[in-house]
Amino acid sequence: MAQSAGPRRSRIFRGGSDINPSWHYWMVYLLPGLLIYIFFMAWPLVDSVRVSFYQTGEGIRRFVGFSNYITLFTDPILKERFWGAFRHTWLFFAIHMCVQNVLGIFFATILTNKTMRGVRAYQIILFLPVTLSILVTGYLWKLLLNPVWTGSVFESMGLGFLSQPYLGMENIALPVISLVSCWQWVGLPTMMFFAALQGISEEVIEAASLEGCSGWQMFRFIQLPLIMPIVGIIAILTFVNNFNAFDVVYAMEGPSGPPNYSTDIIGTFFYRLGIAGEHPVAIPNPGLGATLATVIFVMLTIFVVPTLIKTQREA
Amino acid sequence: MKIFKSQRVQNMHIPSHIILVVWSFIVLFPIYIMIVNSFKTKFSIYDNPFGLPEKWNFKNYQYVFTNSDFMGYFMNSILVVIISLALTLALGAFAAYALANWKGKASNLVFFFIVAGMMLPIRIASIRLIQIVKTLGLLNTIWGLIPIYVAMGFPVSVFIITAFIRSVPGELTESAFIDGAGRLKIFFVIILPLLKPAMATVAIYNLVPFWNDLWFPLLFITDEKSKTLLLGVTRLFGQYQTDWSRVLAVLTLSALPVIILYLLMSSQFIKGLTAGAIKG
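Sequences listed follow chains A and B, in order. Sequential numbering of the first sequence, starting at 1, is according to our numbering. Sequential numbering of the second sequence, starting at 1001, is according to our numbering.
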């Protein structure tokens, strides 16, 4: 090929026929993707930090130092909304860790059993909701939980007390929404744990069972320590996804986290503050939105980096 | 007691099956309710929400197809997802080919710079992204979504494909090299055909979030003609609020394409979507 190339072939092709092309040869392959990544992800992320030091509004763009941060943490309404959303996001995270991830590890352990039948079918069913959109899941459960629709069925079974307007109850709405989200995602940690458990060598399990190790002991002292890196990854993914969560609350309650902001999480607060406009002003404030984004970014880093170091050390 | 301890009975794993059957029911029942009630009418869904329809009613589907912008939303989503996926795969494979072959310190740095993007939630950059898309004049078009999805999918794409190319035996490319093939030819003739499984993993890993994304369309698009499927669903949900059988038909229709794909190739889906686990 190279010999027949002739003088009209571009430098790119000729560079490619060296045994070790220099770095600028590879740039041709690398740059198209890299530039899109930089321009639409890396740079906007970093530049959001810069915007957080500016006052933004109609035609105004003025450097104001830490003034946005001070506003976010001292303005009586904003302060209340922020800490409310912060608490709710932690509760949302705690429920996912306790329900979604614990169920995930539990199902994975059951499915790992060699002599068990029908494992494949269970896997397919368990994983099915992961492919649904959160919005569709949210809308569907919103209708299912409406006593007007399903209440009559519960009553006919003598379980009428179960049929409550859960999504309108301040203390219950958020846990219910979290559980719906767990219903959707539980297949993901299940299959990740399953893959990790499959990776444990046969000999380890056999040796342990010869020593009389079984059931809970096997899980606690043999399997769990060996899949610790995956446990760490899943904890991190769960945490990061919590700060991304928005759709499920948007579908089931609306962007302002009713009733009375009791289901307002960081995602919905960010949406109102920086993008849609917060009640009662209803004008978005990009500067404050970027400030909140920076705060989220810092919180994620504080959680993710130590968890990564702690769980991935041996891996 | 002796009987219960026998190996045979133990190997039937009765408690495990009970647990998994109960959970399978919890998973499938809401989906069953959604589909079944979409074939009822406005009022008959209240009679027996959990039962099969007495008379199967296809009017809801007919209505959604003929009297709403549903097909427009659907086509917009298909277009956005296909173009974004194609670009993510192509640009990812080219970049991975470069990173797997380019030897040098800077190569590793660039690789980590890209892969770091897998951990970063792009949504917190939304404030800037709105401004960027607006400056480019792409607000209210589906074209504004594509570069963002490509940027979202690029890190995973590079991560998985680079690892895959590195595992291709060197002799394979070297012998082609001795025969006089250029780098570009080696990529298309030797590497690309081998990449199929890695490409499938990357495609599925990105397909579901691209198809199911509500956030960016919600931020960028208000024009009916440019709305994607999920954004359209939020509108139809509000519009049909008085007729739940119609709402359920919309929900079923928007969930169905991915469910069918999933059932056709479930193992690729499970492998692709759990690819996050190998990130560490």
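Ideal placement from N, C-alpha and C gives every residue a C-beta, glycine not left out. Just so we're clear, the structure is a prediction, and the values are computed from it rather than from any experiment.
Apart from the five residues just before and just after residue i, which ones in its own chain have a Cβ nearer than 7 Å to its Cβ?
i: G33 (chain A); result: none
i: L1194 (chain B); result: V1168
i: S48 (chain A); result: A290, A293 and T294
i: V51 (chain A); result: P286, G287 and A290
i: L273 (chain A); result: N285, L288, G289 and L292
i: K142 (chain A); result: L167, A251 and M252
i: I234 (chain A); result: N101, P189 and M192
i: S1126 (chain B); result: L1219
i: N260 (chain A); result: E170
Please list, in chain order, all residues of the same chain as residue i whose beta carbon is under 8 Å from its beta carbon, the five residues on each side excluded.
i: S1226 (chain B); result: N1076, N1140, T1141 and I1142
i: Q1241 (chain B); result: V1247
i: F73 (chain A); result: K79 and F82
i: F1058 (chain B); result: F1039
i: S178 (chain A); result: L91, F92, I95, H96 and V99
i: L1214 (chain B); result: L1230, L1231 and T1234
i: A121 (chain A); result: none
Does the beta carbon of residue i sit closer than 9 Å to a beta carbon anywhere in chain B?
i: A108 (chain A); result: no
i: I302 (chain A); result: no
i: P175 (chain A); result: no
i: I283 (chain A); result: no
i: G118 (chain A); result: yes
i: A42 (chain A); result: yes
i: V99 (chain A); result: no
i: L197 (chain A); result: no
i: W216 (chain A); result: no
i: W90 (chain A); result: no
i: Q123 (chain A); result: yes
i: K296 (chain A); result: The sequence shown places Ile at residue 296 (chain A), not Lys. Yes, I296 (chain A) counts as interfacial toward chain B.
i: F161 (chain A); result: no
i: N244 (chain A); result: yes
i: V51 (chain A); result: yes
i: T268 (chain A); result: no
i: T115 (chain A); result: yes
i: M252 (chain A); result: no
Using a Cβ-Cβ distance under 9 Å, would residue i count as near chain A?
i: T1162 (chain B); result: no
i: N1011 (chain B); result: yes
i: A1198 (chain B); result: no
i: Y1262 (chain B); result: yes
i: S1107 (chain B); result: yes
i: M1075 (chain B); result: no
i: L1085 (chain B); result: no
i: P1155 (chain B); result: yes
i: P963 (chain B); result: This structure gives no information on residue 963 (chain B), because the portion of chain B shown stretches from 1001 to 1280.
i: F1034 (chain B); result: The residue asked about is misnamed: residue 1034 (chain B) is Met in this sequence, not Phe. M1034 (chain B) counts as touching chain A.
i: I1259 (chain B); result: yes
i: R1166 (chain B); result: no
i: S1044 (chain B); result: no
Within the continuous beta strand (DSSP E) that includes residue i, where are the two ends?
i: Y1240 (chain B); result: Per DSSP, Y1240 (chain B) belongs to no beta strand (DSSP E) and is neither H nor E.
i: T56 (chain A); result: Y54 to T56
Got a sec, what are the start and stop residues for the alpha helix (DSSP H) residue i sits in?
i: R1183 (chain B); result: R1183 to I1186
i: V249 (chain A); result: D247 to M252
i: S152 (chain A); result: P147 to S156
i: S1267 (chain B); result: S1266 to L1273
i: V1189 (chain B); result: It is not in any alpha helix (DSSP H) - V1189 (chain B) carries neither H nor E in the DSSP assignment.
i: F82 (chain A); result: P76 to I95
i: V281 (chain A); result: Where V281 (chain A) is concerned, there is no enclosing alpha helix (DSSP H), given that its DSSP letter is neither H nor E.
i: F238 (chain A); result: What sits at residue 238 (chain A) in the sequence shown is Thr, not Phe. Run containing T238 (chain A): M228 to N244, per the alpha helix (DSSP H) assignment.
i: C182 (chain A); result: A173 to W185
i: P1197 (chain B); result: K1196 to N1212
i: M1034 (chain B); result: I1014 to N1037
For residue i, write down the residues that DSSP places opposite it in a beta bridge.
i: F1065 (chain B); result: Paired residue(s): none; F1065 (chain B) is not in a bridge.
i: R61 (chain A); result: A:T56
Go through its chain and collect everything with a Cβ distance to residue i's Cβ below 6 Å, but skip five positions before and after it.
i: A1198 (chain B); result: I1160, I1161 and F1164
i: G1272 (chain B); result: T1201, I1204 and Y1205
i: G160 (chain A); result: F154
i: A1093 (chain B); result: I1161
i: G138 (chain A); result: V248, A251 and M252
key: Contact residues within the region 1219-1239 of chain B, judged by C-beta distance below 8 Å to chain A   = If the cut-off is 8 Å between Cβ atoms, the region 1219-1239 of chain B has L1219, L1230, V1233, T1234 and F1237 near chain A.
inquiry  = Which residues of the region 1047-1058 of chain B have a Cβ closer than 7 Å to any Cβ of chain A? Give them in chain order.
reply    = Against chain A - using a Cβ distance shorter than 7 Å - the residues of the region 1047-1058 of chain B are P1049 and F1050.
key: Residues, ordered as in the chain, of the region 64-85 of chain A that lie near chain B by beta-carbon distance below 7 Å   = Answer set for the region 64-85 of chain A: empty.
inquiry  = Tell me which residues of the region 219-241 of chain A have at least one Cβ-Cβ distance to chain B shorter than 9 Å, keeping chain order.
reply    = Listed by position, the residues of the region 219-241 of chain A near chain B (Cβ gap below 9 Å) are P229, I230, G232, I233, I234, I236, L237, V240 and N241.
ask   = Name the residues in the region 1122-1153 of chain B whose C-beta lies less than 8 Å from a C-beta of chain A; which are they?
value = Those residues of the region 1122-1153 of chain B that come within reach of chain A (Cβ to Cβ, closer than 8 Å) are I1122, R1123, I1124, A1125, S1126, I1127, R1128, L1129, I1130, Q1131, I1132, P1147, I1148, V1150, A1151 and M1152.
ask   = Which residues, in order along the region 198-214 of chain A, keep a beta-carbon less than 9 Å from a beta-carbon of chain B?
value = Answer set for the region 198-214 of chain A: empty.
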